[in-house]
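A quick write-up on the structure given underneath.
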Amino acid sequence: MDCHVIEEGRPQQRIQIFRRLAGWLASGADRFRHLPRLDLNAAPDRVKRDLGFLDGRDPYYEDERMR
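Right, dumping it as structure tokens:
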């Protein structure tokens, strides 16, 4: 006599887990897509100068050794 067990709950649970995971990944991708961006054309010259875009040099940053 053979005993065959049919487990229907496990595949259904796996599908639900994959759907949840896909939803989380999609919402995370949407968050990264809408990160704020710097529009250099709309930025005033003083901001561009502070960032180092107008003088041809690298942007200024504070060195940890100077503190």
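Add 85 to the 1-based position in the sequence shown for this note's numbering, that's all there is to it.
Even for Gly, the Cβ is constructed at its ideal location relative to N, Cα and C.
The structure displayed is predicted, hence computed values, not measured ones.
Taking C-alpha positions only, R104 is separated from Q97 by approximately 11 Å. Assignment of L125 by DSSP, reduced to helix, strand and coil, places it in the coil class.
In the DSSP assignment, L136 falls within the alpha helix (DSSP H) that extends over D130 to L136. For the 8 Å CB-CB criterion, F138 and L125 form a contact.
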